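Reading through the structure tokens given below for one structure.
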Amino acid sequence: MPLILTALLTLLSHYRRHPGQLAMLLLGLWVAGALWSGVQAINASARDSYDRAEALFTTGLDRLERRDGEPLDRADFVSLRRAGLPVSPLLEGQVVTQEGERLTVIGIDPLTLPGDSAFASAGSRGELTAFFTPPWQTRLAPDTAPRLGLARRAAPGAEPTLADGRRLPPLVLAPALPPDTLVVDIAVAARLLERGNAVSRLVTAAGALETAPEGYRLGRADTLVDPGELTASFHLNLTAMALLALIVGLFIVQSALGLALEQRLGLLRTLRALGVPGRTLVALLALELALLGVIGALAGIASGVWLARALLPDVAATLQSLYGAAVGTELRLPWHYWLGGLGVTLSGLFVAGSGILWRAARLGVLGLGQAQAWRAGFQRQLRGQAIAGTLAALLALAMWAWLATQPAGEGLLAGFVLVGAMMLACALWLSPLLAAGLSGLGRLARHRPLTQWALADLQLQLPRLSLAMMALLIALSANLGVGSMVGGFRLTFLDWLDQRLTADLYLRPPAGQFDAVQAWLVARDEVAELLPTADAESTLLEVQAGDDPRGLAVPMTLFGITPGARLTPTWPLLETRAGREAAWRALEEGEAFINEQLALGQGIGPGDRLVLRSPGGQQRVTVAAIYPDYGNPRGEVLLATAALRERFAAAPGSLGIVLADTGPPGERQAEALSPALTRALDARFGLGRDALRDQRDVKALSTEIFERTFAITRALNALTLAVAALALLASLLAQARERRRRLAPLWALGVTRGRLAAIQLAQLGGAALVTGLAAVPLGIAITVCLVAVINVAAFGWRLPLHVFPGEIGLTLATALGVALLAAALPALTLWRTPPRTLLAEEEAS
Amino acid sequence: MLEFRQVHKAYATPQGPLEVLAGVDLTLDAGESLALMGESGSGKSTLLHLAAGLDLPDRGEVRVAGRAISSLGEAGRARLRRETLGLVFQQFHLVPSLSVLDNLRLQARLAGREDSSWTAELLERLGLAGLARRYPEQLSGGQQQRLAIGRALAPRPALLLADEPTGNLDEGTADEVLDLLLALVRDTGCALLMVTHSPRVAAPLDRRLHLTHGRLTRPEAGQDACP
């Protein structure tokens, strides 16, 4: 025991003299752990929300709808029950709290609801009778209570008042319920939502009915996509980003471990000579790893939870806007999350440290302490890296070839493997290429001794720098790739907004006044054109491509637009049956456009015929074109507004107002005409002062949602880059003293200190610039993979490729900036160090 | 205490195997001191490494305190070094991250034989009493070597192996360190095998042997004398 304790304390004493290395090690672990566990915490919380949603009523149950498309009501329920069918009614809607928060209300009939679904597990175990008899109950998850302005503890038994003055029945907490959802008896829901006898859905246990009853259509549970499935790609994206951060963090760790071990080779030799067995030493180094790992991982997990708390609201907004999935904004972490975070960080640490331990175990006692013995292995390592890099490149090629044979939208995982293999290949090849380049340049510079020395010296530093350079390359290229993708998406999205929001002003009159307002506006001189919209919900029942009909049951949105002089020239179309003009004519004649999501998801192309459910039965439309629809989680069919209202009894939506060119010169039409028009509308129809919305406000709101959507991507990306920059900075600073010692003989030979400082700057700046330059093509390749493969598979739409010279410049500037900063600090010290001290340091070493 | 019987050791070189020890026989009794002399590259350090169990002979037998080195595993040889031997190197090999006091008691602690009164006495006799909290890099070369000697003797080893212990020191400091080393060896009663190329350093020891062409010989008259 004294042997182990003394040897361990002696090994650890190294960090007392080199706290910078310890800080670098812990920093790497901390950052890797923080980003990884932060994202896992977000994923775990989201999964918890999905599980709670799935445990409710939305999935896992078959559903009945009327064949004639009419809404369901209580009479349907009664007649089906009388026919002996085990159906149960659900009523869904939204209420607004006094705090202005929107909450979903689900009304159920607990007596008829299938027993093994929902209520038994999702609700509390309270008496059922209390639920459906006065004063009734409102069941809700504890994290929903604050949305009602109540503390969790104060929630049970409270009867909060809604914005319209109605009171909710006494609250009962039910942790298994999804966030922002209130579950009440269906009679209470009908009263709260003022829906009379309406029923939103009739559900039955999955498989309970073999066929649909006469007059009804049966939707099977397995045709409904649950939110967990829908958002899997988003979480995979997040996990990939976190994995990247973990790898970059572990690069720092490995770099710090390598440095710490190299500097302790002499110590290891001494301890072996003093009688500490080699195996004991390796075991002690492993124990040291574990101790540092636990400290770093715990700090990482704690910070990760903090990070997740900070990012979760944005993630929830993203999931809501991209997929329509409700995710609570409060972290709910299962017990295995904590163990998982610790396990992953420690496993990563041991993977990073295993190479070091292996090399330490293999070095003979007589070779220990000789730096050359350590570096001799570097040549072998370079060869190994080149081979591994080639294998990774081959894997990337194989993935690319395989993906090329797959239909669009397939191969999300393969896309990630492709990106990972490309990054790995480039990172592995970086050091061999740098070494070869330096060697070649050294030969070219043989008549310039100082340059030759600088190149040779940099080659000598490569073993210690290579890991940090690899980490920087990965982070820079990922940053460039993701940055270009997000930037490209932003450009495309803004462009698309410009194209779609063509009217100057927008107005959303109540349905009852819509036609009157439209007629009034048409007669106004300042109005040049009106663009009314309409929307409806429908189900895609069948797709006919040629003579081959396919039966489906895909819920989707129908949207009506008004083709006209303002809209048609700018509205983007991705694919048409017979050209752009023909497509617009076809739309006016009753054909349809479909969005890219629907086209890719269901394999529909121009010319195919769709059968859609309508209130009057079924409607057939032909697809004339496909249009981009960024950010929409659902399939959408576009029709002319008039046709949509007529054939699908669609509710009127908004009125786009294109203003006539009559305003004063130099002033925006909307700003000039909007106040008068608002006053006139208010006076005529009582629409209120906020009825008219400027196109610019709508765009600003959409842009804000977009920015929020990518907030987490940007945050993780920036953090990863910061980590890599820190890794390089820490690596370079850790070696600063040693590099300074090597400069002493040059000073003695007559090189000025200014020149020596310049050499240092040139060495490191050059190496970082090469790394940055290598990151540029890799980053562009990553962007191509993201927009052409991963985004299509993850979100269902394709983006045009954009490359931003500014991003590339920033990438290079970051690489160069970090290296120059890291070189400048030691260079400054060198500048100030008396030359004699340099020689004394050299002699002491 | 130490016995070499027909020990052979060769190293692979690009020109073929180079035999540095060619049937070495050597015996060192308890309490005895022996100087091993020879030119650079004559194999002195190799012999010392074999005696310390840091390396194994190709042929022949090395016995330390009655135990054959070759019959011990790596852990057994480490235990032998820890509990029976003390090593002093030309380059000191102190632990830079430990203080003077911690360096001094390092091996005694590893062997589980720390004796605080002996450590205090050593600190005093080595002239390091006022420097206990300093670090090796803050000491002069002579002080560092004195510390290395103290570290080797702190667990009271049965055999002290010293590889050119004064090779890095100037003449005056070397004499001072050597006197101290011999005095401490006498007081602890341990045997001493010292590798040196200097006849002057070898002179005070009980016996002197010369390693030439892989074999041990007695130094010829004049070689043995102090300059």
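Chains A and B, in that order, give the protein sequences.
If you count by this note's numbering, then the first sequence holds residues 732 to 1576, one letter each, in order.
If you count by this note's numbering, then the second sequence holds residues 530 to 756, one letter each, in order.
For every residue, glycine included, the Cβ atom is placed at its ideal position computed from N, Cα and C.
Bear in mind that the values here come from a model prediction, so they are computed numbers and not experimental data.
Keeping to the same chain, check which residues put their C-beta closer than 8 Å to that of residue i; ignore five residues upstream and five downstream.
| i | result |
| --- | --- |
| D631/B | V624 |
| I1511/A | L1211, G1212, S1215 and V1534 |
| L682/B | G615, L651, L689, L713, V714, T717 and C719 |
| A814/A | P944 |
| E830/A | R878, L879 and G880 |
How would you list, in chain order, the residues of chain A whose beta-carbon sits under 8 Å from the beta-carbon of residue i?
| i | result |
| --- | --- |
| E603/B | P1008, G1009 and R1010 |
| A541/B | The contacting residues do not exist; A541/B stays about 14 Å from chain A at best. |
| L616/B | A1004 and L1005 |
| A607/B | R1003, G1006, V1007, P1008, G1009 and T1011 |
Does the distance from the C-beta atom of residue i to that of residue j stay below 7 Å?
| i | j | result |
| --- | --- | --- |
| V818/A | L933/A | yes |
| S1197/A | G1035/A | no |
| R1381/A | A1242/A | First, the residue type needs correcting, since residue 1381/A is Ala and not Arg in the sequence shown. Going by C-beta atoms, A1381/A is not nearer than 7 Å to A1242/A. |
| G1334/A | R1308/A | no |
| L1305/A | M1287/A | no |
| L1077/A | A1028/A | yes |
| D558/B | F533/B | no |
| V1352/A | A1391/A | no |
| E823/A | S931/A | yes |
| L1080/A | G1024/A | yes |
| L792/A | I1443/A | no |
| G838/A | A936/A | no |
| A1314/A | A1371/A | no |
| I1539/A | V1518/A | no |
Please list, in chain order, the chain B residues whose beta carbon lies closer than 7 Å to that of residue i.
| i | result |
| --- | --- |
| G997/A | H622 |
| T741/A | V624, L627 and L635 |
Excluding the 5 residues preceding and the 5 following residue i in the sequence, name in chain order all residues of the same chain whose CB lies nearer than 7 Å to its CB.
| i | result |
| --- | --- |
| A541/B | none |
| D911/A | L834, T835, T875, R878 and A1057 |
| A772/A | G1035, V1036, A1039, L1062, L1064 and Y1068 |
Looking only at its own chain, which residues have a Cβ that is under 6 Å from the Cβ of residue i, when we skip the five neighbours before and after it?
| i | result |
| --- | --- |
| A1158/A | M1201, L1204 and I1205 |
| V770/A | L969 and A973 |
| N1577/A | The displayed coordinates of chain A run from 732 to 1576. Any statement about residue 1577/A would go beyond what the structure contains. |
| L1509/A | C1157 and S1208 |
| A1124/A | A1156 |
Taking the beta carbon of residue i as the centre, do at least 16 other beta carbons fall within 10 Å, making it buried, or is it exposed?
| i | result |
| --- | --- |
| W1562/A | exposed |
| M972/A | buried |
| T746/B | exposed |
| H966/A | buried |
| A853/A | Any reading at A853/A is ruled out, since the residue's pLDDT is 42, under 50, leaving its predicted position unreliable. |
| R1174/A | exposed |
| R1003/A | buried |
| I1032/A | buried |
| I1118/A | exposed |
| V1082/A | exposed |
| Q1192/A | buried |
| V809/A | exposed |
| W1184/A | buried |
| P586/B | buried |
| S1208/A | buried |
| E890/A | exposed |
| W1133/A | exposed |
| D1235/A | buried |
Which chain B residues are close to residue i, counting only those with a beta carbon under 9 Å from its beta carbon?
| i | result |
| --- | --- |
| R1000/A | H622 |
Which residues of chain A have a Cβ atom closer than 9 Å to the Cβ of residue i, listed in chain order?
| i | result |
| --- | --- |
| Q672/B | Ordered by position in chain A, no residue passes the 9 Å Cβ test against Q672/B, which lies about 14 Å from the chain. |
| E612/B | G1006 |
Check the Cβ of residue i against every Cβ in chain A and list those closer than 7 Å, keeping chain order.
| i | result |
| --- | --- |
| S626/B | S744, H745, R747 and R748 |
At 8 Å on the CB atoms, spell out the chain B contacts of residue i, in chain order.
| i | result |
| --- | --- |
| T737/A | L635, R638 and L639 |
Checklist entry - Taking contact to mean at least 3 C-beta pairs separated by less than 8 Å, is the region 975-991 of chain A in contact with the region 745-761 of chain A? => result yes
Checklist entry - Is there contact here, the region 1500-1517 of chain A with the region 1154-1168 of chain A, by at least three beta-carbon pairs under 8 Å? => result yes
Checklist entry - With contact counted as at least three CB pairs below 8 Å, one residue from each stretch, are the region 864-873 of chain A and the region 894-909 of chain A in contact? => result yes
Checklist entry - Taking contact to mean at least 3 C-beta pairs separated by less than 8 Å, is the region 1222-1230 of chain A in contact with the region 1287-1297 of chain A? => result no
Checklist entry - Would you say the region 1013-1026 of chain A touches the region 637-652 of chain B, given that touching needs at least three Cβ pairs under 8 Å? => result no
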